[in-house]
Each structure stands twice: as structure tokens, then as C-alpha cells.
Amino acid sequence: MKYFIYLLLVLLFLLTGCGNNEEQPLSSLKEVTKQSWSDIEKSATGTTVRLYMWGGDEGINQYIDKWAIPHLKEKYNITLERVPMDTAQILQKLQTEKKANKQDGTIDLIWINGENFKNAKENGLLAGSFTDQLPNFKKFYDTDDPAFTIDFGTPVEGMEAPWGKVQFVFHYNSAKIEDPPSSFSELKGWIKKHPGKFTYPAAADFTGNAFLRHVLYAKADEPSDIYNSPLDEEAISDTAAKMWKYLNNIEPYLWRSGEHYPNSLTELDKLYSQGQVWMTMGYNEARAESLIAQGVFPETTKSFIMEPGSIGNTHFLSIPFNSSNIEGALTTINFMLSPEAQLAKYKPNYWGENTPISLDKLSKEMRKKFKAVDRGDSVLSQEKLEENFLPESEAAYVEWLEEQWFNEVVQQ
Amino acid sequence: MIKPMKIIFYSLAILLFIGPVFLLVLQSFTEVWQFSAGQSLTFQLDSYSTLVSDPNIMEATFWSLVIGACVLVINLVIGLLSGKALSSSSFKGKSLLEALFLAPILIPVLAIAMGLHLFMIRIGLADTWTGVVLIHLVPTLPYSIKIFHNAYHQFGNHLLEQAEILGATGFRQLHTIELPLLKPAIRSVTFLTIVISLSQYAITAIIGGGRIITLPLVFFPFLQTANTSLMAAFSVWFALLPFFMYLVVELLLLLLPYTRKPWRNLR
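Chains as they are written, first to last, in our numbering: chain A, 4 to 415; chain B, 957 to 1223.
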């Protein structure tokens, strides 16, 4: 027994020996940004940048692995490492590191928006304001665009740089549906005519919640009544009542008579893939392309949007408070925002996602290249998407819808 | 004569165990099947080429194996020793101690991991593979201790006392009596430990901090894809690991005394 205790002690001793690093004084974001941009780029040469991001989409992963990593290496001699991790986990890690006052963090870049950004900002998990330092952001982006200055109702204040933007669209199988509905009342008519062929994910799901927000926008007098004002349950009670009525109205005609809602977009996509329902939906207007190529969605899949419009949001790159390579992180973000990187992201072969860049600020040749990209038959035209763009509401609506949907629709 | 019980057993086994595994393997080699569209199966290897082209997968497999093996060895040592102590000695507060040994599976592991993360950052174990091994002990050790405790309890103290009277040293007792008798327990512990350790996502992500990438970190985000072929390929790959490690342990068990060694019968 005694030996065992000694053994354990020795083991523990050995274990603690392995990981103990001397803490080095690190330069903070403020000090780094005092330097000129060329100095920042110079000191970033030869360093390693660790990008933590959700890793559940092969197209997105391949854009980083096969395009961004080799090009960044070639241009700046920066080694970019992609680490797959859920954003909630990343924030949890940062939160604990903040508590433990760990200054030499392992995360240099995070992919973030919405609720997560709000949490990170409120808890001081981000390095600070940096976007006004990025040459590419100043040169090619409309820096005052509300899509970049406000993220789900939270002021951005330069703490994250816009990387991409997506819009919500509905998908349908054009072999089975000739004319997709163009408004929510038409959708209701279609659902009643085709019982069991439509459903939407439950409100706890990101996409299901976005569907509900569309209904809420549609039932308000003006969509701006919702997205321009903070959540006030009293003020929107009329609109809310109309929304619940609409949802309860269509419920008996949904898939499985509305007794069961898909728990996630994945479930809905599978139902659509099997032909059990005829419509699916989701953020990223081009997401059907890769699913068609993989043979998951039928080749006749097309997309549509309805009145009053389609909600879109921006997603961002940001630097955590304890990044140990701020120069590298800044250089990498600047690179990701460059027209070349955005063009590669825009092409459908890897990611195929829309770009937040201002096309009219680009050089003529670059603009031509962007216009020449064929995003695929299932993607709506850029004009149509832009005309129907609606901004996100405040993050508080998301939670409120999630709770109320259960009371008003599921339990009715 | 055909025994009806046997027929029922085999048909149930095929229906419930072999059938689903067969479907999984089949799915991993075919395109997503839209059965209601009346399509036939199309064979492909795309899901495996996607799997192999992920640059993290080999590193993740390596770390999963290393961490799984370390967790298993520590589990066997601690489980065996504490199981023996619990069954052979009696002392005050023994039941309290037993309850404490089980505590980690009664409290959510995530809650423990968050507290331990703070501690591990302070002593420099966060973001290291040793830290991940230690945190994987939390959800596995209670089972190992329980299993070994029961196994020792079953064959009782008398057997060991006899060996002691005959003058066998502790090590000899372990080698010639305890380990051969504990084989079934070792098998259960091996399987449980490896499967539990392999499937830890949240605690590996928190303690490993993305420096240590194991299979679930690469694999779990893909649960959100509608591409069932890719999912199936991942699952097959995932299932090969415990299978491989189980084989290694089986081979090691052959080294124990009184084992019928297959190569002897070949002569």
C-alpha cells in the first residue's frame, strides 16, 4: 500500500513536470497595433497561427486546408493550423483560462458571430478592437455597413472582422413543385394542398428558429418593427398572436401531422433527401450545391425566398484575449479578407459562400472575376438576394421564440 | 435435431446486431440511398477518400490510440489494486470509500472537467496529452474498480491464502492465480475503458484544448451532416479502433499461464 502511494506521488510529479512552461511576457493587442502594418506583417513571418473553428462541413474544411493554408504559407510564410472545435467549447475554454489568468493561450483566431460574440464580448474574452488596422478591410469593405457594425443586435466595435455572409433560403425539388410559394400565405395554401410534405425544425434548432423569425417578420406590419427594436413582449403581442395562429393553423398539415418536429436541420435534410418532405431550408443560399454534388439532394433541387424577404447575417473572425501570436492573427485575418481569398471562398468548388466584400471597390479585373463565377443552378441571383435582404433581430428574440414556441405550438 | 431456442437466438442476433452493422458498412460504400425515389444502390469510395483526405484524421487516430492505451493501463493497475484491497481487507469507513470511488459517475463529468481545467491550467497540465489521460480516468475508473472488486470477491480470499501458506510471493500469486482468474474481468475493463475513452468529446476538447486532437473531435461535428455515407465511413473507422485494441489485449492475455496456446496445437 505504501509503495502504491509513493508510486502515485512520483507519477503525479512526473506528470506535472511535463507541461510546466515558463510564462513569457506577451505583447497585448494595443501595443501590437501601435506598430505600422508592414512591421506587423514582418514580425508575423515564420510564425504559427492556430484557427479554432467548427469543423462539421467538408467544403469549409477543404477551403481552409487546400486553399488558405498553402496560400498563406506562400505569401507570408505563416503556418496556419485548423483546429476543429465547437464555438461553445472554445468560449468555455477561454472563460476558464481567463479565470486562471492564463496569458499564453493556444487559440489565435476564432470564427464567431451572434450569441457567441455577445457572450465573448461581455465576458472580456476578446483581444479588443482591431478592424481599423486591417488594410484590406479599409480598402475593400464598406466599413460603415450595419451588417458589419452590428452582429445580432450587439455592437461590433471593431472586435471582429467580417469574413463571410449568408442568407436564408428555402429549397424545393423542382421535379415535384412547379411554382414555389412566394409568400407565407401562399405557403399555407401549398401546405394544405400537400399534407405531410412540409415541416420545419424545432425552435431550439438554429435553422428552425430562423424560420420562426421569418414568420414573425411576415406577421409584423413592417419587418423593421422587429429588427429595429429590442425585444418588448408587450409591444409585439399582437404580432406574436398572429404568428402562433399561423403556426397552429398549418400544424395538422405538416409532416407526421405536426406531432413531431425534426430536432435539427440535419433531420429535415435527411427527410428531404429521402423524398418524404418536398422542401427544406437553411442559411447559406448556396448550401444545396455541395449536397447535390454529393448525391444527398436530388439534382432538381432549386431555391426560393418569400415575402417579406430573407434574413441574412454576417460571420466574423476574431482574436481571443490571450492569443500568443497577435501579429500572426492580424496578418491572417487581413489575408482572409483579401479579394483573392474571398474569390476562392466564393467559388463553388470548396465553400461557395457569399462574400461581404464591396464589389464596386475592387479593381476592374477582380470585379470581372467575381461576376464570372457560376455559383450553380440552385443559387438565386445576387440581385434577387440583395433586394430581399433582411437583417437579423436582436439575440433576445431567439431565446424568447424558443421558449414561447414550446408553450404556444407544441403544447396546444 | 434442431433446437428451437437456438434458431430464435441466431435470428434475433442477426436481426438486431449483425444486420445493422452490415447496413452501416454497406452505406459507407454506397451513395446516399433515396429509397423512396426507387433508386438502386450505387457503389462509391468517395466517403473513404474524404475521410482519409482530412489532414487531422491520422493524427487524431494516433492520439486516440495512445490515450486509450494509457488510460487502459492505468485503469488496470489502479482497478486491480483497489479492487483487491476492497475485497480482501476490512476497515472502518470502507463503504464510504466504496461510495466515493463511484462518485465520479454520479456527478456529471463535464462539471468535474470544468473545475479540473482551472486546476490543470495552474499546474501546467492543460493542453497536454497527459492531462487528457488523467481526465479520461474520471469516467472510466469507477467501472474498473467495481468490476475488479466483484471479480476478487467472487473467487474469495481462501485461494490466495493457500498460495501464501505454500510460500508464494505476492508477484507469483498475481501471475499464477489472480491474473488467470481475472481474465474475464480484464476483458470487460478493456472494452469498457477503451470505448468510454474513445467517445469523450467535451472533456477532451476542454482539457486537450485543441492541442490534442482525438477522433471524436474530428468526427462529432460531422453528426450535423446529412451525408449518411460519410457518417457511415466515419463510424466504421471509429469502430475499428476498439476492435484493434481488443485484439492486442487478447494476444497479451495468451502470455498468461494455463492458457491454451493456439500455436501449440498446430504441431
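Backbone N, C-alpha and C define an ideal beta-carbon position, used for all residues, glycine too.
Check: Min CB distance residue 1185/B to chain A below 9 Å; Outcome: yes
Check: Nearest to residue 129/A (by Cα), restricted to the options 139/A, 140/A, 116/A, 141/A; Outcome: 116/A
Check: Check whether residue 137/A and residue 333/A have beta carbons under 9 Å apart; Outcome: yes
Check: Nonlocal neighbours in the same chain, by C-beta distance under 7 Å from residue 337/A, ignoring five residues either side; Outcome: 137, 138, 139
Check: Listed by chain order, chain A residues near residue 1167/B by CB distance under 7 Å; Outcome: 109
Check: Straight-line gap, residue 1190/B to residue 1172/B (C-alpha atoms, nearest Å); Outcome: 10 Å
Check: From 179/A, 350/A, 121/A, 162/A, residue whose alpha carbon lies closest to that of residue 156/A; Outcome: 121/A
Check: Cβ-based neighbour list, residue 87/A, same chain, cut-off 6 Å, excluding 5 preceding and 5 following; Outcome: 58
Check: 9 Å Cβ cutoff, residue 1246/B in contact with chain A; Outcome: For chain B, the structure presents residues 957 to 1223; residue 1246/B sits outside this window and is missing.
Check: Chain-ordered neighbours of residue 1178/B on chain A, where CB pairs are closer than 9 Å; Outcome: 58, 59, 60, 61
Check: Whether residue 1006/B touches residue 298/A by CB criterion (9 Å); Outcome: no
Check: Which of helix, strand or coil DSSP assigns to residue 1031/B; Outcome: helix
Check: Beta carbon proximity, residue 1078/B to chain D, threshold 9 Å; Outcome: Annotation note: the requested chain D is absent from the structure, which comprises protein chains A and B.
Check: CA-to-CA distance, residue 375/A to residue 367/A, given in whole angstroms; Outcome: 12 Å
Check: Local conformation of residue 985/B per DSSP, three classes; Outcome: coil
Check: Buried/exposed call for residue 1101/B, threshold 16 Cβ in 10 Å; Outcome: buried
Check: Whole-angstrom distance between residue 361/A and residue 1179/B, CA atom to CA atom; Outcome: 35 Å
Check: Exposure label - residue 206/A; buried when at least 16 CB within 10 Å; Outcome: buried
Check: Residues that residue 68/A contacts on chain B, provided the C-beta gap is smaller than 7 Å; Outcome: 1011
Check: Beta carbon proximity, residue 976/B to chain A, threshold 9 Å; Outcome: no
Check: Buried or exposed by the 16-neighbour rule on C-beta atoms within 10 Å, applied to residue 976/B; Outcome: exposed
Check: Residue 176/A, DSSP secondary structure in three states; Outcome: strand
Check: Short Cβ contact (9 Å threshold) for residue 378/A with residue 355/A; Outcome: yes
Check: Completely contained alpha helix (DSSP H) runs for the segment 1093-1177 of chain B, where each covers 4 or more residues; Outcome: 1114-1121, 1126-1129, 1135-1154, 1158-1164, 1171-1175
Check: Chain-ordered residues of the segment 963-987 of chain B with a beta carbon less than 9 Å from chain A; Outcome: 987
Check: Residue 25/A burial status per 10 Å Cβ neighbour count (16 or more: buried); Outcome: Low per-residue confidence applies at residue 25/A: pLDDT is 39, beneath 50, and the placement is therefore not dependable, though the value from the model is reported in the following sentence. Exposed: under 16 other Cβ atoms inside 10 Å.
Check: Contiguous alpha helix (DSSP H) assignments of at least 4 residues, all confined to the segment 284-333 of chain A; Outcome: 290-296
Check: Members of the segment 298-317 of chain A that neighbour chain B once the beta carbon cut-off is set at 9 Å; Outcome: 298, 299, 300, 301
Check: DSSP-derived helix/strand/coil call for residue 360/A; Outcome: coil
Check: Contact residues within the segment 1137-1171 of chain B, judged by C-beta distance below 8 Å to chain A; Outcome: 1158, 1161, 1162, 1165, 1166, 1167, 1169
Check: Residue burial classification, residue 1062/B (beta-carbon count within 10 angstroms, cutoff 16); Outcome: exposed
Check: Minimum length 4: unbroken alpha helix (DSSP H) runs contained in the segment 194-227 of chain A; Outcome: 209-222
Check: Rounded separation between residue 1008/B and residue 1098/B - CA only; Outcome: 36 Å
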